[in-house]
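Protein chains in written order, with the UniProt record's numbering: chain Y, 1 to 326; chain E, 1 to 326.
Beta carbons are placed, not taken as given, at the ideal position from N, Cα and C, and that holds for glycine.
A short worksheet on the structure shown next.
There are 2 protein chains.
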Amino acid sequence: MNAPATFDPQAFRAALGTFTTGVTIITTRTAEGEAVGITANSFNSVSLNPPLVLWSLARNARSLAAFSAGQYWNVHVLAAEQEALSGRFATQGSDKFAGIALDDGIGPAPLLPGCTARFQCRTAFQYEGGDHVIFVGEVLAFDSSGRAPLVYQGGQYALAARKPRQELRLGATPPPECSYTEDLLGYLLGRAHYQLLDRLRRLMASQQLDEHLFFVLSVLCIRDNLTLDELNAFVAYTGHRVSAQSLAELERRELIAGEPGRDGSRRYLLTAAGREQSLHEIALAKAVEGDVADQLEPGDVMALKVLLKRLVAATDPGLPDLWAGR
Amino acid sequence: MNAPATFDPQAFRAALGTFTTGVTIITTRTAEGEAVGITANSFNSVSLNPPLVLWSLARNARSLAAFSAGQYWNVHVLAAEQEALSGRFATQGSDKFAGIALDDGIGPAPLLPGCTARFQCRTAFQYEGGDHVIFVGEVLAFDSSGRAPLVYQGGQYALAARKPRQELRLGATPPPECSYTEDLLGYLLGRAHYQLLDRLRRLMASQQLDEHLFFVLSVLCIRDNLTLDELNAFVAYTGHRVSAQSLAELERRELIAGEPGRDGSRRYLLTAAGREQSLHEIALAKAVEGDVADQLEPGDVMALKVLLKRLVAATDPGLPDLWAGR
Numbered sequence: 001m002n003a004p005a006t007f008d009p010q011a012f013r014a015a016l017g018t019f020t021t022g023v024t025i026i027t028t029r030t031a032e033g034e035a036v037g038i039t040a041n042s043f044n045s046v047s048l049n050p051p052l053v054l055w056s057l058a059r060n061a062r063s064l065a066a067f068s069a070g071q072y073w074n075v076h077v078l079a080a081e082q083e084a085l086s087g088r089f090a091t092q093g094s095d096k097f098a099g100i101a102l103d104d105g106i107g108p109a110p111l112l113p114g115c116t117a118r119f120q121c122r123t124a125f126q127y128e129g130g131d132h133v134i135f136v137g138e139v140l141a142f143d144s145s146g147r148a149p150l151v152y153q154g155g156q157y158a159l160a161a162r163k164p165r166q167e168l169r170l171g172a173t174p175p176p177e178c179s180y181t182e183d184l185l186g187y188l189l190g191r192a193h194y195q196l197l198d199r200l201r202r203l204m205a206s207q208q209l210d211e212h213l214f215f216v217l218s219v220l221c222i223r224d225n226l227t228l229d230e231l232n233a234f235v236a237y238t239g240h241r242v243s244a245q246s247l248a249e250l251e252r253r254e255l256i257a258g259e260p261g262r263d264g265s266r267r268y269l270l271t272a273a274g275r276e277q278s279l280h281e282i283a284l285a286k287a288v289e290g291d292v293a294d295q296l297e298p299g300d301v302m303a304l305k306v307l308l309k310r311l312v313a314a315t316d317p318g319l320p321d322l323w324a325g326r
Numbered sequence: 001m002n003a004p005a006t007f008d009p010q011a012f013r014a015a016l017g018t019f020t021t022g023v024t025i026i027t028t029r030t031a032e033g034e035a036v037g038i039t040a041n042s043f044n045s046v047s048l049n050p051p052l053v054l055w056s057l058a059r060n061a062r063s064l065a066a067f068s069a070g071q072y073w074n075v076h077v078l079a080a081e082q083e084a085l086s087g088r089f090a091t092q093g094s095d096k097f098a099g100i101a102l103d104d105g106i107g108p109a110p111l112l113p114g115c116t117a118r119f120q121c122r123t124a125f126q127y128e129g130g131d132h133v134i135f136v137g138e139v140l141a142f143d144s145s146g147r148a149p150l151v152y153q154g155g156q157y158a159l160a161a162r163k164p165r166q167e168l169r170l171g172a173t174p175p176p177e178c179s180y181t182e183d184l185l186g187y188l189l190g191r192a193h194y195q196l197l198d199r200l201r202r203l204m205a206s207q208q209l210d211e212h213l214f215f216v217l218s219v220l221c222i223r224d225n226l227t228l229d230e231l232n233a234f235v236a237y238t239g240h241r242v243s244a245q246s247l248a249e250l251e252r253r254e255l256i257a258g259e260p261g262r263d264g265s266r267r268y269l270l271t272a273a274g275r276e277q278s279l280h281e282i283a284l285a286k287a288v289e290g291d292v293a294d295q296l297e298p299g300d301v302m303a304l305k306v307l308l309k310r311l312v313a314a315t316d317p318g319l320p321d322l323w324a325g326r
C-alpha cells in the first residue's frame, strides 16, 4: 500500500492505468476558426437526463484555451481501426486534421468520420480538478456506427473480448473427478481449429482436394521451388508429413510441376493451373472466415487474431519463416 | 444523428456504452458504522498532482446520503475473477459485504480484497452533474495486484485482448500477389493449435504415446463404455479416425479393456492403469497450458478462451456432447 508520503508518480500512473477505458478524440474550434483536437481517455458518462458527459484536460495543455473559450466540442469514441488516428491526435505538432474529410456537425467543432460513436456537446460546467480541468458537456446530438471500439489498458491499445451474458458451456458440466474439461486451452484450440477446417474441407471436397493437398499448394503459392524435404520443414510441426505420393498425385493433376534442381533433388513449383487452384482455395478459406466473423460480434475476430498471434509468437519453436525472401 | 428533440434514452445509453470501461466497486461507511458499497463504471482518473480521481452517483441512489456525508471512500478496480462480486454490489438488498474478509484501510471505508487496484480516497469536491453527483476524491493511498482487470463494454462484461506495443509479425511481409497471409484466421488457429500440440507431443513421447492414443484415453476418461463407432462419432470432426489397431494396441498395453456389449459390439473402458495414464496426460496438457499462460500477460489466456469458446459455439456442426450424462 502506497501512502501519501511515498507516492511514486509512476506507480500511481500504473495503478490508474489498470482501469480500462475506451479512447476518444475530442475536438473544438478556436474563435479564429482553427480546428483543435486531442486524444483523451478520461471521458465518461455522467447523466442521462439532462444528457451529460465529462472528460478532463491538463491545465498545461496547449488546447486548454480553445476548450475553455469554445462552447462546442465533439467527443469521438474511436473504433479499433483508428489506432493510428489516436496516435496522431496524441502527438503535438503538424496539422492533425490534414487529409480528413470532416462530417457536418450541428456546431462549429470538427466532426471526424469512421468512429464507433460521437457525442456533440456544449459545455455545461468547467470544474477544478487539480492539475486538470474537468469539462462537463451537455450532449446535443449523438450517433453510433456499430464499429468495434478501440480499448486502452495498462498503457497499451487493446480490443475487448466480450463475455456472453449467460455463461457459455459447450457441453454438460463434467463430474468433479473428470479433470479433462472444455476449459482446457488445448481442447478449445483444437476444437475451434478442426471445426473451421471441417468447414473448409466440405467446401474443398467438390474439388477433390483434401487439406493436405491444400497445404502443399498453399506453401508452394507462397514459396516456389521447394524440395520435398524443404516442404516438410514447413509442415513438420503440424505432425503431418507431405509424402512423395501426394506430390506425384498433384503432378499427375498438373497442379504442380517437378524439376530437377542443381543439386539433383527434385524441386516443385505451381503450374498456372495450380496457382489458380491455390488462389481459389485461399478464397474458400477467407469465405469460411467471413462466415465465422458474421456469426460473432464485430471486433471478436480482431481480438482473437491478436491473441492467437501472441500465442503463436510465445510458443514458436523456431519455425522457418514461410514468407521470408530467399 | 440523434438531435435533442428525438433523444431516445435507450439509444443514448447504448451509444455511451460503446465507451469501454473497467468496473469498480466504491465503498464507504455511514456515521453509524454501516458498510455501504456500489458497483460503478463512471470512475476515471483526473489529476496526478494532487492525485485526484472521480466518479458519479445517481441523485436517487440509496447510498447518496452515505457518500455525501462520509469523507472517506475506497475505489476497487475489479479483477476478471470478480464478476460475481460486481453483480452483487450492483444489486440492492441483502448484505453485500456478507462473508468478505475486509482488509485494513487507512480510513473507515471498507477495503475489499482480491482486486486489480485500489484507491483510498477522501472527498475533495462534490460537483453537480445533472441527475448524478460527481465525486472528486484525493487519493490518500493506493495499491495494485497485477491481476487481470474486468472490462465492461456495450452492457457486457469482457476481458481485454492487449495489442503488443509494436505490431507483431510472425514472418516477413508477403508480396502483394500472395493472398495467403499470416492474418488468416485458419492459419493462426492451425499454427497455434499445432504448436501447442507439438509441445504436448514432446512431453508424451517419453510415455510411448501419440496424440491419437491420448485422444482415445481422454474420451474414455470422460465417457466410458464406448464402441469404436461411438468413439469415432466424437472424433470425426477432427478428420482423424480411431482405428481398431489403435484400440488393440491400447488393450495390449492394458490401458483399456474391451468387453462384449449387450448388442454384440465390443465396448471399451479404461483400466485403472489407463485412467491413471489419462490423468497423467491431462496433467501434462495443463502443464503446457500453464507454460503458455506464463509467457503471455495475465488475462490473455482468459480472453482467448472466451473468444475460442464463442467461436466453437458459433461453428459447432452439432457435435455430440462428450460430457453429457447417458
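In the structure shown, what three-state DSSP assignment does residue i receive?
i	result
S179(Y)	coil
G105(Y)	coil
I100(E)	coil
residue 363(Y)	The structure shown does not extend to residue 363(Y), since chain Y is modelled only from 1 to 326, so the question has no answer here.
Q116(Y)	It is worth fixing the name first, because residue 116(Y) is Thr in this sequence and not Gln. Coil.
H76(Y)	strand
T315(E)	helix
L168(Y)	coil
T123(E)	strand
G129(E)	strand
residue 379(Y)	Lying outside 1 to 326, the shown extent of chain Y, residue 379(Y) is not represented and no answer is given.
S265(E)	coil
A324(Y)	coil
S56(Y)	strand
residue 327(E)	Because chain E in this structure spans residues 1 to 326, residue 327(E) falls outside the shown range and cannot be described.
A5(E)	Bear in mind that the predicted position of A5(E) carries a pLDDT of just 48, short of 50, making it unreliable; the figure below should be weighed with that in mind. Of the three classes helix, strand and coil, the one that applies to A5(E) here is helix, per DSSP.
A90(Y)	helix
A65(E)	helix
A40(E)	strand
Please report how far the alpha carbon of residue i lies from the alpha carbon of residue j, in whole angstroms.
i	j	result
P50(Y)	G137(Y)	10 Å
W73(E)	R62(E)	16 Å
L322(E)	D291(E)	27 Å
A5(Y)	A90(Y)	Legend: pLDDT at A5(Y) = 48, less than 50; position of this residue unreliable, value from coordinates given subsequently. Each residue's alpha carbon lies about 32 Å from the other.
E281(Y)	R202(Y)	12 Å
A35(Y)	K309(E)	45 Å
D198(Y)	Q295(E)	30 Å
F12(Y)	V75(E)	14 Å
G318(E)	L228(E)	20 Å
L112(Y)	S145(Y)	13 Å
T28(Y)	A80(E)	37 Å
A303(Y)	P260(E)	49 Å
G239(Y)	R267(E)	29 Å
May I ask which residues mark the beginning and end of the beta strand (DSSP E) holding residue i?
i	result
A31(Y)	Looking at the DSSP string, A31(Y) is not in any beta strand (DSSP E), and its letter there is neither H nor E.
D198(E)	Here D198(E) belongs to no beta strand (DSSP E); instead the alpha helix (DSSP H) covers 185 to 205.
Q156(Y)	156 to 162
D143(Y)	132 to 144
Q153(Y)	151 to 153
N44(E)	44 to 47
Report buried or exposed for residue i, applying the criterion of at least 16 other Cβ atoms within 10 angstroms of its Cβ.
i	result
S45(E)	buried
L159(E)	buried
D300(E)	buried
Q10(E)	exposed
G186(E)	buried
S56(Y)	buried
R162(E)	buried
P320(E)	exposed
Would you kindly report the start and end of the unbroken alpha helix (DSSP H) that includes residue i?
i	result
P260(E)	No alpha helix (DSSP H) holds P260(E); the beta strand (DSSP E) holding it covers 256 to 260.
L226(Y)	From DSSP, L226(Y) is part of no alpha helix (DSSP H); its letter is neither H nor E.
P9(E)	9 to 17
D294(E)	272 to 295
R252(E)	244 to 252
Three-pair Cβ contact test at 8 Å for the region 19 to 38 of chain Y versus the region 52 to 69 of chain Y:
yes
Report yes or no: do three or more beta-carbon pairs, one from the region 159 to 174 of chain Y and one from the region 81 to 98 of chain Y, lie closer than 8 Å?
no
Cβ contact (3+ pairs, closer than 8 Å) linking the region 115 to 127 of chain E and the region 127 to 141 of chain Y:
yes
Is there contact between the region 246 to 257 of chain E and the region 271 to 280 of chain E, where contact requires at least three CB pairs shorter than 8 Å?
yes
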